[in-house]
Amino acid sequence: MSHPRNSAPAAADARVPIRIEVRAASGTYPIEIGAGAVARLPQILDEVGAPRRRFIVSTSPVWNRHGDGFAAVSSEAPVLLPDGERHKNIVTVMRIYDALIRASADRACLLIAVGGGVAGDITGFAAATYLRGVPVVQVPTTLLAQVDSAIGGKTGVNHPLGKNLIGAYHQPLAVVVDPLMLATLPRREFRAGLYEVVKYGVIASRPLFDRLAEELPGIFARDPDALVPVVEESCRIKADVVGRDEREAGPRRALNFGHTAGHALEAVTKYRRFRHGEAVAYGMLVAAQLGVMRGTFAPAERDALASLITKMGPLPSVADLPAGDLLQSMGRDKKVVAGRLHFVLPAGIGSTKVVNDVTTDELREALTAIGVRKSDVP
Ligand SMILES: NC(=O)c1ccc[n+]([C@@H]2O[C@H](COP(=O)([O-])OP(=O)(O)OC[C@H]3O[C@@H](n4cnc5c(N)ncnc54)[C@H](O)[C@@H]3O)[C@@H](O)[C@H]2O)c1
Ligand SMILES: [Zn+2]
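Numbering of the sequence shown is given in our numbering, commencing with residue 58 and proceeding in unit increments.
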C-alpha cells in the first residue's frame, strides 16, 4: 500500500480540535482529536444526534483518574468493568447487558466506552448486540486505542480457545481522542501503543516515521505539541484504510504489518510476556528482515527501523523462544489462506507489498536474525 499524502503532519496548535471523517461503507462518522477534547463531548454528542440516555462503560483505573471530566455527559451511574485482557470475555459483556436491562434501557440509548482497547472492544460488542444494536461512542484512553482499536468498528471478546474469536463489525457514532488522557498511562503501555504508530509510519508515511525519530523525547514526555500531530497522522492513516476497506479484503491488510510474527510471539508466550505492541515491534523487525532478503527494503531502512525501536526502550527477550514453535504458530495464523502465508513486507518506509509465498526457511532465517533461538523442528 502506498499513501497519497507526502506532506509532514501539520505542527498546528495542539489545542485546536482536529476533525477527521471516517467514510466507512456502513456510514460516515467523525474522529475529533485535540488536547482537552473530552470537554467538548456533550456538544459532539448533540451534533451527531446521539440518544439522550447515555451509559458510560469504563474500568476503575481509568474512571478514578478521569471520571470527573464526564460529569456533564451522563447522569447514569457508570458501568465499571473488571480491568484487563483476561476479563475480555462474554461474562463481562453480560455485566453491561445486566446494567442496561436493569435500567430499562431501550433502543434509544447510547453506550460510551471510556478506556483502553479492552473496554472499547467489549463495549462495542455489547452495543452491537444489545437489542440487536444500539449506538456507541468511543473515548479511547490508551495510545493504542486512540490510534488503532477505537477506529474501524471491529468489536469483540476472547474465547478460552482463542483471542477475538467472538465479535461483530459495529462502527461508532463518533470517536473522541483526547491525548491529555494519556498523561496517566503507565510508560510501558504508552510505549506499546507507540510501536503501532511506528507501524503506520512504515506502512504509509515517511514524514510520520521521521517525526517520531526526531521528537521521541517530547512524545514520551506526553507534550501535546509533540504528541497530537503523531496521534492525528496515525488516526488519518487508520481512517483512510478503514474507509477504503471496511472488512479487510484488501488495503486493510497492510495494517497487519508486523502482526504475523507478532501474534506468534504473543501466542507461544501465552500472552503473558509481551504487550501486544512489543510483539509487533519484533514482528516489524522480522518483516523488515524478510524485506531486505527479498530486495523490497534497503538494509539502511531496516537499520533505521531497528534503531528507532531500540531508542524507544527495552523489549522483553526472545532469545529463549525456539524458531520452530513460532513457525508452527504462524502456520495456524488467520492470515493463512489456502495453506499459504500472506506476509506484509515493507517496500521502503511509507509503503508495503503483500506476498503470499514466504517459505519456512526464509522465515526461520528472519526470525533468527532478530535473536530468536535456532531450532530444527518443524
Ligand atoms: N478493535 C480493534 O480494531 C483492535 C485493534 C487493536 C487492538 N485491539 C484490542 O485492544 C486490546 C488492547 O488494548 P490496550 O492496549 O488499550 O489495553 P487495555 O485496554 O487493557 O489498557 C491497558 C491498561 O491501561 C489502563 N489504562 C487505560 N487508559 C488509561 C489511562 N489513561 N491512564 C491510566 N491507565 C489507563 C487500563 O485500565 C489497562 O490496565 C486488545 O484486547 C486487542 O485485541 C482491538
Ligand atoms: Zn496491533
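Every residue, glycine too, gets a C-beta built ideally from N, C-alpha and C.
Glu133 sits in coil when the DSSP states are folded into three classes, being neither helix nor strand. Residue nearest to Glu289 within the set Leu218, Arg310, Val254 is Val254 (criterion: CA-CA distance). Under the DSSP assignment, Gly381 falls in the alpha helix (DSSP H) whose first and last residues are 380-388.
Sorting Ala92, Leu102, Gln228 by C-alpha distance to the C-alpha of Gly300 places Gln228 at the top. According to DSSP, residue pairing for Ile158 in a beta bridge does not occur. For Leu347, the closest of Leu168, Val298, Thr425, Leu188 by C-alpha to C-alpha distance is Thr425.
Taking the Cβ atoms as the reference, Ile77 lies roughly 4 Å from Ile88, within the contact range of under 8 Å. Taking each of Thr212, Leu218, Gly173, Gly210 in turn and checking the Cα distance to Ala202, the smallest one comes out for Gly173. Buried is the label assigned to Lys211, since at least 16 other Cβ atoms lie within 10 Å of its Cβ. In the DSSP assignment, Val287 forms no beta bridge with any residue. Residue Pro108 holds the alpha-carbon nearest to the alpha-carbon of Ser131 among Pro108, Ala318, Lys368, Val415. Look at the beta carbons and you see the segment 312-332 not touching the segment 278-288: under three pairs across the two are nearer than 8 Å.
Sequence-distant partners of Thr199 (beyond 5 residues in either direction) whose C-beta falls short of 7 Å from its own C-beta, in its chain, are Gly173, Gly174, Leu242, Glu246, Gly250. Fully enclosed beta strand (DSSP E) runs of no fewer than 3 residues occupy 166-172, 193-197, 211-216 of the segment 160-224, in order along the chain. Taking 8 Å as the cut-off, the Cβ atoms of Leu342 and Ala270 do not count as close. When the alpha-carbon of Met151 is set against those of Gly177, Tyr187, Asp125, Ala165, the nearest one is in Tyr187.
Assigned with DSSP and collapsed to three states, Gly141 falls in coil, not helix or strand. In this structure, Met238 has its beta carbon less than 7 Å from a heavy atom of ligand 1. Bridge pairing for Leu402: Lys410 [DSSP]. Around the beta-carbon of Ile406, 16 or more other beta-carbon atoms lie within 10 Å, marking it buried. An exposed status is given to Glu104, since fewer than 16 other beta-carbon atoms sit within 10 Å of its beta-carbon.
With a cutoff of 8 Å on beta-carbon distance, Gly213 and Ala225 are scored as near each other. About 11 Å separates the CB atoms of Gly181 and Val191; that is not less than 8 Å, and the two are not in contact.
Counted as a single uninterrupted DSSP element, the alpha helix (DSSP H) harbouring Ser117 occupies residues 117-123.
Taking a cut-off of 8 Å for Cβ pairs, the segment 355-370 and the segment 416-425 do not touch, as fewer than three such pairs fall below it.
When the Cα atoms are used, Leu230 and Ala380 turn out to be separated by approximately 43 Å. Taking the C-beta atoms as reference points, Met387 is found nearer than 8 Å to Ala321. Burial is judged here by how many other beta carbons sit within 10 angstroms of a residue's own beta carbon; Lys327 has fewer than 16 and is exposed. With a threshold of 16 other beta carbon atoms within 10 Å, Asp205 meets it and is buried. Residues Ala71, Arg72, Asp235, Pro236, Leu237, Pro281, Val285 of the same chain have their beta carbon placed closer than 8 Å to that of Ala92, with the five preceding and five following residues left out of the count. In chain order, Ala170, Gly177, Ala207, Pro229, Val232 place their CB closer than 6 Å to the CB of Gln195, counting only its own chain and leaving out the 5 sequence neighbours on each side. His399 has its CB no nearer than 7 Å to any heavy atom of ligand 2. DSSP assignment within the segment 251-287 yields no whole beta strand (DSSP E) run of 3 residues or more.
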